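Asker:
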Amino acid sequence: MKTLLSIFLQISTSGDIKSSLNEILSKYGIPLVAFIIVISAVYGVISNLDKIMDSDGRGTRKEGILNVLYILGGVVLAIVVIGIIMQLVGGISLSI
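Here the sequence shown stands for residues 2 to 97, where the numbers follow our numbering.
What follows is the structure in structure tokens.
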């Protein structure tokens, strides 16, 4: 709550909202993206652990690894799309 208040005060007192927004994104954006990628990798491995370990000997290791790669690929693709949208929105010139 304290950080949200400080962010709001920083934006409201600053003359340039775009520079404040860029600063916020650089402070919190990259660690958040890294956290999301790590959490999705852990989720992918945990949800496909039986297939990756192939304890039954059914030959499901390749399928389990591909499932993890699909999960990570989807997350990375979503992050890229969000980044493109943010860049397009950031390029809009606002004038009153």
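Heads up, the beta-carbon is just placed ideally off N, CA and C, and yes, glycines get one too. Remember, predicted model here, so these are calculated numbers, not experimental data.
What does the alpha-carbon distance come out to for the pair L67 and L73?
Answerer: Within the sequence shown, the letter at position 66 stands for residue 67. Within the sequence shown, the letter at position 72 stands for residue 73. Using only the alpha carbons, I get a separation of about 10 Å.
Asker: How close, in whole Å, do the beta carbons of V46 and V69 come, if the pair is a contact with beta carbons under 8 Å?
Answerer: The count along the sequence shown starts at 1 and reaches residue 46 at position 45. The count along the sequence shown starts at 1 and reaches residue 69 at position 68. Yes, they are in contact, since the Cβ atoms of V46 and V69 sit about 6 Å apart, within 8 Å.
Asker: Could you give the uninterrupted runs of the alpha helix (DSSP H) lying entirely in the stretch 9 to 91, keeping only those of 4 residues or more?
Answerer: For the stretch 9 to 91, whole alpha helix (DSSP H) runs of length 4 or above, ordered along the chain, are 18 to 25, 31 to 48, 50 to 54, 62 to 91.
Asker: With a threshold of 8 Å (Cβ to nearest heavy atom), would G74 be considered close to the ligand MN?
Answerer: By its list of ligands, the structure shown contains no ligand whatsoever, and the ligand MN lies outside what it can speak to.
Asker: Output needed for S41: all residues of its chain with C-beta closer than 7 Å, excluding positions within five of it in sequence on either side, in chain order.
Answerer: Stepping through the sequence shown from its first residue, residue 41 is reached at position 40. I72, L73, V76, listed in sequence order.
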